[in-house]
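Residue numbers (the numbering used here): 397 to 599. Glycine residues also receive a C-beta, built at the ideal position from the N, C-alpha and C atoms. For reference, the structure discussed in these notes is given below.
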Ligand code: AP5
Ligand code: MG
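Below, the structure written as structure tokens:
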């Protein structure tokens with residue numbers, strides 16, 4: 397399978413790039429933020445609980461997120477060429493649970509692509525999106541809180557992937573198309589090295 401994580405601070409372009417990458421590589425896009433917003437819109441028990449975290453910029457509890465993500469993985473694993481995990485894992489506990497769960501299912505452990513964008517640019521993008529998105533977390537106070545939580549809780553996930561040799565850095569500044577080319581180059585290189593190692597090439 398072709399599995400990777402698109403990671404980076406709020407507003408770095410995870411959703412935007414995932415949409416393009418899904419088309420190019422025929423993958424399933426799993427965004428935990430989107431899954432939670434679906435639950436909120438459907439007013440499920442999970443959604444009602446999640447809303448109280450999302451609307452103030454906090455992370456939802458690990459156990460809730462892990463269960464939701466693995467359910468989506470299990471529903472799709474036999475039907476797709478691979479997964480883009482967008483916004484998951486966001487804590488070291490989630491990264492560790494993902495590794496265990498994928499190992500247990502015989503699914504290749506994904507590598508992590510970290511999209512780096514300047515803080516000022518992140519705030520500009522999210523404030524602009526907030527004019528039309530209707531997202532409860534796209535306002536300046538909550539954006540600041542999300543960025544703070546990213547630094548304290550999510551940035552350490554990068555070290556987890558560095559330690560297992562699966563961390564890839566990409567410059568997330570610039571035009572959408574040029575960032576897409578940079579990410580595509582990383583994916584193509586990964587696939588090529590799999591081929592050279594004589595591992596499964598088809599994805
Ligand atoms: P989530 O939905 O994942 O939000 P996020 O990480 O804050 O990221 P965004 O979706 O806001 O931004 P993005 O990186 O997708 O950027 P986008 O492409 O939209 O999570 C929301 C909340 O859910 C969390 O705060 C948390 O509460 C909860 N949650 C989710 N996952 C969780 C987990 N694993 N554990 C616990 N809690 C979890 O782009 C942003 C804007 O910029 C758009 O308007 C876009 O058009 C624009 N844009 C994109 N690229 C460019 C570019 N190159 N130049 C100019 N503008 C651009
Ligand atoms: Mg997103």
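What's the gap between the Cα of residue i and the Cα of residue j?
i	j	result
residue 550	residue 484	9 angstroms
residue 544	residue 427	20 angstroms
residue 501	residue 476	15 angstroms
residue 487	residue 494	11 angstroms
residue 540	residue 419	32 angstroms
residue 517	residue 403	16 angstroms
residue 588	residue 532	42 angstroms
residue 496	residue 490	10 angstroms
residue 504	residue 479	10 angstroms
residue 565	residue 511	6 angstroms
residue 524	residue 537	14 angstroms
residue 458	residue 450	13 angstroms
residue 447	residue 454	10 angstroms
residue 578	residue 423	18 angstroms
residue 561	residue 470	26 angstroms
residue 569	residue 462	30 angstroms
residue 466	residue 435	15 angstroms
residue 586	residue 445	38 angstroms
residue 441	residue 456	13 angstroms
residue 397	residue 559	22 angstroms
residue 352	residue 437	Missing from the structure shown is residue 352; the chain here goes from 397 to 599 and no further.
residue 593	residue 513	33 angstroms
residue 499	residue 492	11 angstroms
residue 408	residue 583	18 angstroms
Residues in the same chain with beta-carbon distance under 6 angstroms from residue i, minus the five sequence neighbours each way, listed in chain order, please.
i	result
residue 464	431
residue 557	508 and 563
residue 552	488
residue 468	426
residue 548	none
residue 429	483
residue 542	406 and 453
residue 573	none
Quick check on this structure: which residue in the options has the alpha carbon closest to the alpha carbon of residue i?
i	options	result
residue 473	437, 399 and 435	399
residue 519	505, 405 and 416	405
residue 515	529, 530 and 546	546
residue 571	460, 521 and 582	521
residue 460	506, 560, 443 and 592	443
residue 529	416, 397 and 433	433
residue 600	576, 582 and 584	Given that the chain is displayed from residue 397 to residue 599, the structure contains no residue 600 and the question cannot be resolved.
Looking only at its own chain, which residues have a Cβ that is under 7 angstroms from the Cβ of residue i, when we skip the five neighbours before and after it?
i	result
residue 482	402, 410, 411, 414, 425, 426 and 427
residue 535	526
residue 580	420
residue 567	512 and 578
Among residues of its own chain, excluding the 5 on either side of residue i, which ones have a beta-carbon nearer than 8 angstroms to its beta-carbon?
i	result
residue 554	403, 508, 510 and 563
Under the criterion of a Cβ to heavy atom distance below 6 angstroms, does residue i qualify as lining the ligand HEM?
i	result
residue 410	As presented, the structure is devoid of the ligand HEM, carrying the ligand AP5 and the ligand MG as its sole ligands.
Please list the segments of the alpha helix (DSSP H) lying wholly inside the stretch 420-496, counting only runs of 4 or more residues, in order along the chain.
428-437, 441-450 and 458-472
Could I get the ranges of all uninterrupted beta strand (DSSP E) runs contained in the stretch 555-583, with 3 residues as the minimum, in chain order?
563-567
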